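Peer 1: Got a structure here, written out as structure tokens. Questions coming.
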Amino acid sequence: MNVQPARTTRRIFVTHCTAAGIVTVMSKCCRSRAADGDPAPDWAAMLEDPVRKMLTGPPDLDRVMALFPRTQGTPAIDPQQIAENLAGLRTIPDVNTGHPLLDLSVQTGLAHIGATFQGDHPKYGVGTYAQEMHGGFPPTIIAVVDALSVWGLQLRAAQLFRYWLKTFVKDDGGLRYYGPSISEYGQLLHTAALLDERAGTNGWWSEGFPALDHIAEYLLRLRATAEKEDGLLFGSPEADTHKDTGKYFHNNGWVVKGLRRWADLCERRQARPTTAVAIVRKMVQDLAADTLRAIQKTWRADPADWWLPPQVEPLQRPARLAAAWDVASCTNYRYWPELLSSELLSSEQANRVVTARLTGGGQFCGMTRFAKHLDDWPLADYLYGLWSLGRRNDFLLSLYGHVAYHQAAGHLTAYEQVSFPPGRKMADYCLPCQLVAARAARLLVG
Numbered sequence: 016m017n018v019q020p021a022r023t024t025r026r027i028f029v030t031h032c033t034a035a036g037i038v039t040v041m042s043k044c045c046r047s048r049a050a051d052g053d054p055a056p057d058w059a060a061m062l063e064d065p066v067r068k069m070l071t072g073p074p075d076l077d078r079v080m081a082l083f084p085r086t087q088g089t090p091a092i093d094p095q096q097i098a099e100n101l102a103g104l105r106t107i108p109d110v111n112t113g114h115p116l117l118d119l120s121v122q123t124g125l126a127h128i129g130a131t132f133q134g135d136h137p138k139y140g141v142g143t144y145a146q147e148m149h150g151g152f153p154p155t156i157i158a159v160v161d162a163l164s165v166w167g168l169q170l171r172a173a174q175l176f177r178y179w180l181k182t183f184v185k186d187d188g189g190l191r192y193y194g195p196s197i198s199e200y201g202q203l204l205h206t207a208a209l210l211d212e213r214a215g216t217n218g219w220w221s222e223g224f225p226a227l228d229h230i231a232e233y234l235l236r237l238r239a240t241a242e243k244e245d246g247l248l249f250g251s252p253e254a255d256t257h258k259d260t261g262k263y264f265h266n267n268g269w270v271v272k273g274l275r276r277w278a279d280l281c282e283r284r285q286a287r288p289t290t291a292v293a294i295v296r297k298m299v300q301d302l303a304a305d306t307l308r309a310i311q312k313t314w315r316a317d318p319a320d321w322w323l324p325p326q327v328e329p330l331q332r333p334a335r336l337a338a339a340w341d342v343a344s345c346t347n348y349r350y351w352p353e354l355l356s357s358e359l360l361s362s363e364q365a366n367r368v369v370t371a372r373l374t375g376g377g378q379f380c381g382m383t384r385f386a387k388h389l390d391d392w393p394l395a396d397y398l399y400g401l402w403s404l405g406r407r408n409d410f411l412l413s414l415y416g417h418v419a420y421h422q423a424a425g426h427l428t429a430y431e432q433v434s435f436p437p438g439r440k441m442a443d444y445c446l447p448c449q450l451v452a453a454r455a456a457r458l459l460v461g
């Protein structure tokens, strides 16, 4: 289906009901070339993001919203419950991004946390995603603690993180989940350091420290085994592809970052982890060097070649990124964004990753493309990567595209997948997708 904006210039009034009142967002539609007699664009055939090419200057949320029909669908959570949660929401600082719809997206995301969790027990989402097998998915608690703590909701962040560590970390450091990626172990250690920096240790550190120490030891054991070969840790890259084990760059990048942050945290809190901080730091330094060396050997030297393999093991070069479900689409959807957010790469290498996504069919209006759907739940990692590179316009396009089209009109439910081009729900709501705006938009607030 080729979705086109309306032919004549007109104003759209999008009204959102909140506990605090009514928020109305106005935007202008652009003219449809198809309506003027030009052929309808074949969005699926385009390798470059057409919206990025058509916009000049800094992206504007009203303009982005006017490009296509908003996604439609039913609320995942009872709107009355969300309204009640919104009424009791108090953030530090106040949510003031400069646009009422973005503000409401942040607030709605935060309001969904309490409505999705069962007390302190995590849930990934609703419907299929409410099944108990998805409760321990590490990215859920990682997103929740980040979103809560960055908006000053420290007590709740501490409560939920303490519960998760006590419930889902085994004594050997493994996680009680069917397919954790190696990167998630590093991200949990980073989450602990982040929470300490924002909120201190009250309410979670004394009970959480043993579990975090177990996680660190688990990674250190993996590294000790890997040193017998090329030094890179071997394991699962993502829950849905957990059987496709290998030496993935995003996994190793996040082990470097996670253990470095763990060493900083232990030093700051004068803690005594099982492995001394000095030893951890030496291992981190060596693993970073080994990973960068492997990346240099694996990536093609031609900067115009957008295919940057996600792992050491040889892979067939794909024709494009936006496939139904293969290693290229998974790389674009999660492996590259996490490699960016690990901050392992040089700025030159990181910009190559971004260019690869932009020119290989990896996004549409800033959102993450597959062949027939968009899937943004890992988008926060990509947004953090763009921000660290100073790519503000690309950051804004991805954030605004997500807010405009990955969230349903009116109630702003963020489904895990929406159709491509946008317009309808393709998979159930999930909390990490709902929190993309809450996490990333904080960077826009002083």
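Take the sequence shown: its letters are residues 16 to 461, numbered as in the numbering used here.
Backbone N, C-alpha and C define an ideal beta-carbon position, used for all residues, glycine too.
What you are looking at is a predicted structure, and each value in this text was computed from that prediction instead of being measured.
Hey, how far is the Cα of R407 from the Cα of R171?
Peer 2: 31 Å
Peer 1: Just to confirm before moving on: does the CB-CB distance between A226 and L280 stay below 7 Å?
Peer 2: no
Peer 1: Would you identify the three-state DSSP class for V18, choosing helix, strand or coil?
Peer 2: In this predicted model, V18 has a pLDDT of only 29, less than 50, meaning its place in the structure is not dependable enough to derive any value.
Peer 1: In terms of DSSP beta bridges, what is Q326 paired with?
Peer 2: Y263
Peer 1: What residues in its chain sit with their C-beta under 7 Å from that of E63, if we drop five residues either side in the sequence?
Peer 2: L373, T374
Peer 1: Measuring CB atoms only, is the segment 144 to 157 touching the segment 442 to 455, in the sense that at least three cross pairs come out at less than 8 Å?
Peer 2: yes
Peer 1: Is it true that the CB of L248 sits closer than 7 Å to the CB of L235?
Peer 2: no
Peer 1: Measure the beta-carbon distance from G246 to D211 and round it to whole angstroms, keeping in mind my assumption that it falls under 8 Å.
Peer 2: Contact doesn't hold; Cβ gap of about 29 Å is too wide.
Peer 1: What are the uninterrupted segments assigned as alpha helix (DSSP H) that are 4 or more residues long and contained completely in the segment 149 to 173, given in chain order?
Peer 2: 153 to 165
Peer 1: Return yes when the Cβ of F176 is within less than 7 Å of the Cβ of W219, no when it is not.
Peer 2: yes
Peer 1: So, A423 versus T86, is the Cβ gap smaller than 7 Å?
Peer 2: Contact: yes.
Peer 1: When we look at the beta-carbon of R191 and count the other beta-carbons within 10 Å, is it buried (16 or more) or exposed?
Peer 2: exposed
Peer 1: Do you know how far the Cα of A453 is from the Cα of A162?
Peer 2: 6 Å
Peer 1: Given this structure, state the Cα-to-Cα distance separating R332 from G400, to the nearest angstrom.
Peer 2: 24 Å
Peer 1: Excluding five sequence neighbours on each side, which residues of the same chain lie with their C-beta closer than 6 Å to the C-beta of R48?
Peer 2: With a pLDDT of 39 at R48, under the threshold of 50, the predicted position of this residue should be treated as unreliable, though the coordinate-derived value follows. Correct list: empty, nothing qualifies.
Peer 1: What does the alpha-carbon distance come out to for the pair L101 and N267?
Peer 2: 39 Å
Peer 1: Quick test of your reading: A419 and V165, contact by CB under 8 Å. State the CB separation rounded to the nearest angstrom.
Peer 2: Actually they are not in contact, since the Cβ atoms of A419 and V165 sit about 22 Å apart, beyond 8 Å.
Peer 1: Taking the runs of the alpha helix (DSSP H) that are 4 residues or longer, which of them lie wholly in the segment 61 to 122?
Peer 2: Segments of the alpha helix (DSSP H) lying fully in the segment 61 to 122: 65 to 69, 76 to 80, 94 to 102.
Peer 1: So, for F183: in the same chain, excluding its five sequence neighbours on each side, which residues have a beta-carbon less than 7 Å away from its beta-carbon?
Peer 2: G151, L190, R191, Y192
Peer 1: My output table needs one value for K243: the three-state DSSP class, helix, strand or coil.
Peer 2: K243: coil per DSSP, three-state reduction.
Peer 1: A455 to F83, Cα distance in whole Å?
Peer 2: 23 Å
Peer 1: Ignoring anything shorter than 4 residues, give me the alpha helix (DSSP H) runs that lie fully in the segment 326 to 356, in order along the chain.
Peer 2: Segments of the alpha helix (DSSP H) lying fully in the segment 326 to 356: 342 to 345, 351 to 356.
Peer 1: With distances taken Cα to Cα, identify the nearest neighbour of L336 among E282, K68, N347.
Peer 2: N347
Peer 1: Can you grab the Cα-Cα spacing for the pair A239 / V295, in whole Å?
Peer 2: 12 Å
Peer 1: If you draw a straight line from the alpha carbon of R213 to that of W269, how long is it in whole angstroms?
Peer 2: 21 Å
Peer 1: I need the straight-line Cα distance from A293 to H229, nearest angstrom please.
Peer 2: 17 Å
Peer 1: If F379 and S344 are in contact, beta carbons under 8 Å, what's the gap, nearest whole angstrom?
Peer 2: Not confirmed; about 13 Å, so no contact.
Peer 1: Should R213 be counted as a contact of the ligand NAP given a C-beta to heavy atom distance under 6 Å?
Peer 2: Here there are no bound small molecules, and the ligand NAP is not part of this structure.
Peer 1: Taking the straight line between their C-alpha atoms, what separation do you get for L307 and E232?
Peer 2: 23 Å
Peer 1: Measuring alpha carbon to alpha carbon, tell me which of G416, S434, V451, K440 ends up nearest L74.
Peer 2: A quick correction: the sequence has Pro, not Leu, at residue 74. Ranking the options by Cα distance to P74, first place goes to G416.
Peer 1: In whole angstroms, what is the alpha-carbon distance linking R367 and W321?
Peer 2: Cα to Cα, R367 sits roughly 8 Å from W321.
Peer 1: Counting only the same chain and skipping the five closest in sequence on each side, list residues whose C-beta sits under 6 Å from that of G223.
Peer 2: Excluding positions up to five away in sequence, the list reads R177, L180.
Peer 1: Report the rounded CA-to-CA distance for I128 versus V159, giving the unit in angstroms.
Peer 2: 7 Å
Peer 1: Please say whether E431 and W392 have beta carbons closer to each other than 7 Å?
Peer 2: yes
Peer 1: Expressed to the nearest angstrom, what Euclidean distance is found between the alpha-carbon atoms of L168 and L330?
Peer 2: 44 Å
Peer 1: Three-state secondary structure (DSSP) at A127?
Peer 2: Note that residue 127 corresponds to His in the displayed sequence, not to Ala. Helix at H127.
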